[in-house]
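Take a look at the structure set out below.
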Amino acid sequence: MAITLTESAASHVAAFLSKRGKGVGLRLGVRTSGCSGLAYKLEYADEVRPEDREFESHGVRVIVDPKSLPYLEGLELDFAKEGLNEGFKFNNPNVKDQCGCGESFNV
Amino acid sequence: MTLFQISEPDESPLPHATRRAVGIDLGTTNSLVATVRNGSPVVLPDLEGRTLLPSVVRYGEHRVDVGHTALARATEDPGNTIASVKRLMGRGIRDLADDRRYPYRLVEGEGMVRLATRSGIKSPVEVSAEILRALRQRAEGSLGGAIDGAVVTVPAYFDDAQRQATKDAAKLAGLPVLRLLNEPTAAAIAYGLDNAAEGTYAVFDLGGGTFDISILRLSRGVFEVLATNGDSALGGDDFDHRVFCWAIEAAGLPPLEGADARRLLTRSCEAKEMLTGHDAAPIAATLSDGTRIDLTLTAETFTAMTRTLVAKTLVPVKRALHDAKLAPADIKGVVLVGGATRMPQIRRAVAEFFGQPPLTNLNPDEVVAVGAAIQANKLVGNREHDDDWLLLDVIPLSLGIETMGGLAEKIVPRNSTIPVVRAQDFTTFKDGQTAMALHVVQGEREKVADCRSLARFELRGIPPMVAGAARIRVSFDVDADGLLSVSAQEQTTGVEASIVVKPSYGLSDAEIARMLEESFAHAADDAGARALAETRVEAERIAGATESALAADGDLLDGEERAMIDRALAAVRTAVAGDDRSTLSAAIDALNEATAGFAARRMNRSVARVLSGRRVDALG
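As you go down the protein sequences, you meet chains A and B in turn.
The opening position of the first sequence corresponds to residue 1 in the numbering used here, with each subsequent residue numbered one higher.
The opening position of the second sequence corresponds to residue 1001 in the numbering used here, with each subsequent residue numbered one higher.
Structure, rendered in C-alpha cells:
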C-alpha cells in the first residue's frame, strides 16, 4: 500500500521546500513515545538512505524508513486550516486510538 | 486536533513537546509577532490578515481596546488613548523634556512616569503589557497553544531601566521572555549576517516617528553594538506632513482642522506610498464644505520637498560613524529597517553615502520581528538548519529506559546534537508502588533484550498512590563531552535519584553500524514484538485489577459467576505466556465482558457505603 499526499498537502510541501532552498522531499516516520505509544515524524529530507522506501504523490517525493513503514501503510497526509492555525494532518488507517490532540497514537 | 509542521531532518519534536517560540517587535508606532514555521520565519497576521498591530491602547468605558480599534477612536478620546507608550518606558517625568506633546495626562510615579486614564493610574509597563497580550493571543491562536518562549526587541540605546520595564511588561502579559534582543541585531540576524563574514554593519531604521542608526560589529557570530544615534522626532510621519502642507498650498486652502485635516493627511500618506513604485500619484479629496481637491504629486516634486528630511537622517549617521571611529567605506553592509525606508529617495541617499546599495530584499516592517523569531526558535531548542553542524557532536545511538513489558522507550533520539537535555514523565504500574527500577539502555531496537544496557538505578520513596497517579520525570542530560547523567524525580515530593554514565564507552563504529543495520532488518518483527509486549502489559494490568477486586468484593458473586470470571482470568494468564497477540486480545476482551456485571455491582456497593448513615435531606 502506498503513502499519499492530498493535492493541497503536496502543493504546500513543494512551496515550503522551494522556500527552504534545498531538500529532496518529505520524510515521514514514527517513533515510540510515552505511554500513548507512537508519535509521527514529519521532516524535510536532504538525502535518501539506502534502506529507505520511496513514494511519489502529486510530484512530491515521500521517503519512509523501513522501521516506520508498517505503521504508515495507506497513510494520507492532508493540509488543513483551523482559524489562525494551519498545518498538516495525518489520516492513518492503522491508528486504533490516539490521544486527544492526535500527537501520539496506537496501532 | 494538532496540526503538524515540517521539521528539519531528525528534529521532529516529541509529542506534546513542540516548543512554541515567537519574536516580538514592540515598536513605538506598530508592533508585530513572528515565528519559525516549517523551517522558515513568518510574521503572524490577525484574523483580518493584518500583520502590523498599531501600538495604541484605549481605556474605554467598559473595555480595553488595543491596535486598530484603539487607533480608530484616538481623535475622539485622546485622553484615554495611549500611543507611543514606548517613549515612556522606564522614564521619570523629568526625563521627558517635552511632555506637552502627549495628549494624555502624565503624573509622577515611583521609578517611572504614570498615565492618568479613565480606568485609573496606569504605568507604561501595564500599557505595553496590553499590546504584548494582544500579540500573545494572536500567536497562541496561530500556533495552537501556549507560548513557551519569546524574544522581545528593544532599541540598542535602551538603558537598564527601560529594558527591565520591557521585561516586566512581557511578564505581566504572560509571556516567558527568553531574552531581550537589540533591534538592529535582530534585523542583522534576519538577513543572516550572523552567518556571514565578520565585519562591521550599519542598521538604518526609519520608523513612523523615530529614526535610529546603529553600527554593529560581528565577530565570532556575536554582534557588538559599537555606536548608536538617531532622532526621536523624525520618521515617516514627517514625510506625510510635508505632502499635506504642499497639498494645502497647491490647492490654495486655509489651514484645515479635525476630520478634513485627517482625511487629507491620509491621502497624503497614500500618495507617499504610491510614489515608491510610481512616478506620480493623485491626491483627491472632498472637504466637509464641499471643496474638491484634485492634485497630482510627482516623484520629482516629492523628492525635492523632502530633501531636508532625508539630509536630516544623515546627520546622526555621521555622528554614529564618528563615535565608532569609522568611515563609510569601513561598513561591509547596510540593513534597512522600517516602512519609511521603502522611499526611493532614502534608498538613494543611503546608497550614495555608504557607496553601496543597502540590503532591501526583506520586508523592512517585518525584519526586526523575523530576526527575533529566528533567535527565539534557537533559544527554545527548535534548531534551525545549517546551524554550525560541524562544530557539534551527535549521539550515535538512541538513549532510553526500559518500560513495562521489556520495551525500550527512547528518550534521546540518535543523531541528537550534544549537549542535549530531554525529559519524559512516567508513572507507577501498581497501587501503592513506592519504588521504581530504572534501566538505562542504548540502541534502536524495540525490545530491551536487543539493546545495550548502560546502567541501572532505583528511585525509592515514592509516596503510595493508586497506579498511574504518580508523575516521575526522567531526565537525560548529555553534556558537551558526551557524559550522560540520568535522573528520576517524583514530582509531588521531589524525591530524586540519579546516575552518571559515559554512553559511547566501548562502542566501536563497526558495532554502532551493526546495531543500526539489525534494527532495520528487524523492523517488522520489532513492530509486532512491540504490539505483543504492549498487549501483555495491558493483560497484566487487567488481570491484576480483577484479582484485587475479587479479593475485596468476591462475596458479591454467586458460585457460577465466580467460576466464569475465574475461567476468563485463567485464559488471560495462559495467553500472556504465549506469543499470539490476537488470542491475547480476545482473552482480554472476554475477561472485560465477564467482569462487566461484577464491576457495576462493586460500583453500587461503594456508592452505598459512602451514602450509608446519612439522611437523604442532608445530601442536597
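The C-beta atom is built at its ideal place from N, Cα and C for all residues, glycine as well.
Computed from a predicted structure; not experimentally measured.
Between the CA atoms of Phe-1004 of chain B and Gly-87 of chain A - distance to the nearest angstrom: 5 Å
Cut-off 8 Å between Cβ atoms - residues of its own chain near Arg-1621 of chain B, not counting five sequence neighbours on either side: It is not possible to answer for residue 1621 of chain B, since the shown part of chain B is limited to 1001 through 1620.
Alpha-carbon spacing of Gly-1258 of chain B relative to Gly-1333 of chain B, whole angstroms: 44 Å
First through last residue of the beta strand (DSSP E) which encompasses Glu-1022 of chain B: The amino acid occupying residue 1022 of chain B in the given sequence is Val; Glu does not appear at that position. That run of the beta strand (DSSP E) goes 1021-1026.
8 Å Cβ cutoff, Pro-1282 of chain B in contact with chain A: no
Helix, strand or coil at Ala-1197 of chain B according to DSSP, with G and I counted as helix: coil
Those residues which DSSP pairs with Tyr-1439 of chain B across a bridge: Before going on, a small fix: residue 1439 of chain B reads as His here, not Tyr. B:Arg-1456, per the DSSP bridge assignment.
Runs of alpha helix (DSSP H) lying entirely within the region 1124-1169 of chain B, each at least 4 residues, in chain order: 1124-1143
Same chain, Cβ closer than 7 Å to Asp-1450 of chain B, five either side skipped, listed in chain order: Gly-1443
Gly-1400 of chain B versus Asp-52 of chain A - alpha carbon distance: 24 Å
Three-way DSSP call (helix, strand, coil) for Asp-1477 of chain B in this model: strand
C-alpha gap between Asp-1387 of chain B and Pro-1357 of chain B, whole angstroms: Bear in mind that the predicted position of Asp-1387 of chain B carries a pLDDT of just 43, short of 50, making it unreliable; the figure below should be weighed with that in mind. C-alpha separation (whole angstroms): 28 Å.
From B:Val-1222, B:Pro-1054, B:Gly-1339, B:Val-1380, residue whose alpha carbon lies closest to that of Asn-1361 of chain B: B:Gly-1339
Under 8 Å between C-beta atoms of Ala-1284 of chain B and Ile-1293 of chain B: yes
Cβ of Lys-1312 of chain B within 8 Å of any chain A Cβ: no
Inter-residue Cα distance where the pair is Lys-1430 of chain B and Ile-1006 of chain B: 39 Å
C-beta neighbour in chain B for Lys-67 of chain A, strict 8 Å: yes
Segment contact flag, the region 1339-1350 of chain B with the region 1364-1377 of chain B, C-beta cutoff 8 Å, min 3 pairs: yes
Within-8 Å CB hit, Gly-1381 of chain B to chain A: no
Chain A contact residues for Glu-1446 of chain B, given Cβ-Cβ distances below 8 Å: Thr-32
For Pro-1282 of chain B, the three-state DSSP class (helix, strand or coil): strand
Start-to-end residues for the alpha helix (DSSP H) that takes in Val-1370 of chain B: 1367-1379
Alpha helix (DSSP H) segment containing Lys-1325 of chain B, residue limits: First-last for Lys-1325 of chain B: undefined, no H or E at that position.
Check whether Arg-1636 of chain B and Gly-1145 of chain B have beta carbons under 8 Å apart: Absent from the structure is residue 1636 of chain B, since the part of chain B shown begins at 1001 and ends at 1620.
Sequence-distant residues of its chain with Cβ nearer than 6 Å to Ile-1103 of chain B (five each side left out): This sequence places Pro at residue 1103 of chain B; Ile is not what is there. Around Pro-1103 of chain B: Pro-1078.
Residues of its chain near Ala-1460 of chain B, where Cβ-Cβ distance is below 6 Å and the 5 sequence neighbours each way are ignored: A small correction: the amino acid at residue 1460 of chain B is Arg; Ala does not occupy that position in the sequence shown. Excluding residues within five positions, the ones whose Cβ falls inside 6 Å are Ala-1435.
Meets three-Cβ-pair contact criterion under 8 Å: the region 1164-1171 of chain B and the region 1048-1064 of chain B: no
Amino acids of chain A, ordered along the chain, whose beta-carbon sits closer than 7 Å to that of Glu-1008 of chain B: Glu-43, Tyr-44
Cβ neighbours of Arg-27 of chain A in the same chain (closer than 6 Å, five flanking residues each side left out): Glu-43, Ala-45, Ile-63
Bounding residues of the alpha helix (DSSP H) (the contiguous stretch that carries Gly-1236 of chain B): 1236-1251
Of the residues B:Lys-1447, B:Ala-1455, B:Glu-1496, B:Leu-1532, the one placed nearest Ile-1462 of chain B, counting alpha carbons only: B:Glu-1496
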